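Enquirer: By this note's numbering, the letter at position 5 of the sequence shown is numbered 19, and the numbering carries on one by one without gaps.
For glycine and all other residues, C-beta sits at the position ideal for the given N, C-alpha and C.
As the structure is a prediction and not an experimental result, all values here were calculated from the model.
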Amino acid sequence: MFKPTAWKYFVNKIQNYFNRKIIIDDKEVSIVGIAKGSGMISPNMATMLAFIFTDAFIDKTVLQTLLNIELRNSFNAITVDSDTSTNDTVLVFATGKAMNNKSDKIISRTGDPRLLKFREAFSHIMYDLAIQIVKDGE
15 MFKPTAWKYF VNKIQNYFNR KIIIDDKEVS IVGIAKGSGM ISPNMATMLA
65 FIFTDAFIDK TVLQTLLNIE LRNSFNAITV DSDTSTNDTV LVFATGKAMN
115 NKSDKIISRT GDPRLLKFRE AFSHIMYDLA IQIVKDGE
């Protein structure tokens, strides 16, 4: 039976989280990542879950491209016990809430100069989460 306080157990178990704040178009933008899972971690990910959230106004295709690029040097480059799994998940979400004025333009191409600081922070979060997964390895 589910207990209303069960979420506290889950929250206490997630110790792998990182966040960064950057400025895009004079707006403070947050990027937050959490990850959980270790054991059977090998190149090309393994049994783990990672979620990255941002309130930046970024096109989903641009965000997916960044995710694919940054996976190479983060989650797809780690190993704990040389086993792999089909249950890997890294998801990224962008709400656009930090840049929600009608005058704010969506970041719709990877060459947009506004993406430089975002990409740097995004890369650091993915790398830091991947390293923490390895440190917590079983």
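Quick check on this structure: which residue in N30, L77, S137, I147 has the alpha carbon closest to the alpha carbon of R86?
Expert: The candidate whose alpha carbon is nearest that of R86 is S137.
Enquirer: What's the gap between the Cα of D126 and the Cα of L77?
Expert: Cα-Cα distance, rounded: 12 Å.
Enquirer: Use the C-beta contact count for T68: other C-beta atoms within 10 angstroms, 16 or more gives buried, fewer gives exposed.
Expert: So T68 counts as buried.
Enquirer: Kindly give me the distance between the Cβ atoms of F32 and L143, rounded to whole angstroms, as I take these residues to be in contact under 8 Å.
Expert: Contact flag correct, Cβ pair sits at about 6 Å.
Enquirer: What did DSSP end up calling I36 once you bin it into helix, strand or coil?
Expert: Three-state DSSP puts I36 in a strand.
Enquirer: Buried or exposed: which applies to M92, given that a residue is buried once 16 or more other Cβ atoms fall within 10 Å of its Cβ?
Expert: Here residue 92 turns out to be Ile, not Met, going by the sequence shown. Under this definition I92 is a buried residue.
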